[in-house]
Amino acid sequence: MTSNNRVFKAVGTGRARYSVGVFPSVAEEVTEVLFEAEQKVVKGDVLVKLDDRQEQLALKLAEVELNDAQSLLERYEQAVKEGAVPESEVDAARADFEGAEVALDQAKLAMEDRLITAPFEGHVGIPNIDPGDRVGTDTLISWLDARETLYVDFEVPEALAGALKKAQAERQEITATTPAYLSLTFKGKITAQESRVDPERRTLLARASIDNKDDLLRPGMSFETVWEIPGEDYATVPEISVQWERGGSYVWVIRDNKAEKVSAQVIARKAGRVLLQGELDADDDVVIEGLQRLRPNQDVEVLGSAE
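Counted the way the numbering used here counts, the sequence shown spans residues 1306 to 1612.
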């Protein structure tokens, strides 16, 4: 028995698992650049420091005002127990204290905005800024890519949508090659597909995931993908054994030393052999010589066999 597999080839583009451009949250002057091109960083690593002198002063002032508000509130809370101040004064002092807490949080947030950090683990690109540069919220600091797994996106014809759904569920394998490494082949798994067919191209976007632990591959690389689509299992026999009559094709098989004519539909031809669909078993002996002398239920003596 042989599987009637199909091979589908497509050109795809690689992309990182996560990929973002890093931008400042505020406009300010750069004081330090703390990363180099291709450096691996982890989530929270500081990449760039911006001038934060005013924010430091604002933070100190907010801390002082919070301490003053807290002290005043504590005195009023003690005094109200003795009837020295009305309850309304305590309420006002408590509101001032809570407002001072918010002001301190805002000052801390303004300080954090002067630190540009990595949002996830990955590799940074070439720094696009230097100390002394004035940056804005639209200034690209660098790209950050998480490329331990590389995705390759490729288009599949609408006719293969059913096969693709099964491939995703079974995480079927694809092979991929890239001009960057002509002698290497990379293995991947089909892991995702788009939710709709492109109405103009009549194609469905598929995605394969490739383990990039050796860090050879880069986002943006082009790939040729090969997906072998599993087919149905069919009996395979030499072409010479297939006979034809008005009702269609058939083969002669030997069962219990008797000749039997079995109708079989030709599915495909491959290198001198034919894939057949019919009532054939894997252990059937198919006749390839002396075909014209056979009759149904004729006693047959098998003198030899061939693969």
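C-beta: ideal position from N, C-alpha, C; glycine also.
Just to confirm the assignment, what range does the beta strand (DSSP E) spanning residue i have?
i	result
Asp1538	1538-1543
Gly1427	1427-1429
Ile1495	1486-1498
Gln1597	Here Gln1597 belongs to no beta strand (DSSP E), and DSSP marks it neither H nor E.
Glu1533	1527-1534
Lys1348	Run containing Lys1348: none; DSSP gives neither H nor E here.
Gly1317	1311-1327
Glu1565	1563-1575
Arg1512	1508-1516
Arg1560	1553-1560
For the alpha helix (DSSP H) containing residue i, name the first residue and the last one.
i	result
Gln1411	1392-1417
Determine the DSSP secondary structure at residue i, reduced to helix, strand or coil.
i	result
Lys1470	helix
Ala1367	helix
Asp1373	helix
Ala1342	coil
Ala1464	helix
Ala1384	helix
Gln1548	strand
Leu1585	coil
Leu1445	coil
Glu1505	coil
Arg1302	Not covered by the structure: residue 1302. The range shown for the chain is 1306 to 1612.
Leu1362	helix
Leu1272	Nothing about residue 1272 can be reported from this structure: the residues present for the chain run from 1306 to 1612 only.
Suppose you measure from the CA of residue i to the CA of residue j; what does that come to, to the nearest Å?
i	j	result
Thr1482	Ile1572	31 angstroms
Glu1333	Gln1361	14 angstroms
Gly1493	Asp1538	25 angstroms
Phe1340	Leu1445	14 angstroms
Ser1393	Arg1399	10 angstroms
Lys1413	Thr1442	19 angstroms
Glu1453	Ala1474	23 angstroms
Thr1496	Arg1476	6 angstroms
Glu1544	Arg1523	48 angstroms
Ala1517	Ala1363	The identity of residue 1517 in the sequence shown is Asn, whereas the question assumes Ala. Using only the alpha carbons, I get a separation of about 46 angstroms.
Phe1528	His1428	21 angstroms
Gly1349	Val1395	41 angstroms
Gly1583	Leu1509	34 angstroms
Asp1590	Ser1554	17 angstroms
Val1385	Val1369	24 angstroms
Taking Cβ positions, are residue i and residue j nearer each other than 8 angstroms?
i	j	result
Leu1581	Val1592	no
Asn1323	Phe1425	The displayed chain sequence assigns Tyr, not Asn, to residue 1323. Their beta carbons are under 8 angstroms apart, which means Tyr1323 touches Phe1425 by this criterion.
Ala1423	Val1346	yes
Leu1455	Ala1315	no
Val1542	Arg1578	yes
Ile1534	Phe1328	no
Leu1469	Gln1498	yes
Ala1342	Ile1479	no
Trp1557	Lys1566	yes
Arg1419	Asp1357	yes
Leu1352	Ile1434	no
Could you tell me if residue i is buried or exposed, where buried requires 16 or more neighbouring beta carbons within 10 angstroms of its beta carbon?
i	result
Thr1530	buried
Ser1488	exposed
Met1306	Residue confidence is low: Met1306 scores 49 on pLDDT, short of 50, so the model does not pin down where it sits. No coordinate-derived value is stated.
Trp1549	exposed
Leu1378	buried
Val1407	exposed
Ser1546	buried
Asp1586	exposed
Gly1326	exposed
Ser1447	buried
Ala1485	exposed
Ala1405	buried
Ala1576	exposed
Gly1595	exposed
Gly1552	exposed
Val1335	buried
Ala1618	This structure gives no information on residue 1618, because the portion of the chain shown stretches from 1306 to 1612.
Contact criterion: CB-CB distance below 8 angstroms. Does residue i meet it with respect to chain C?
i	result
Ala1374	Here chain C cannot be found, since the structure has a single protein chain.
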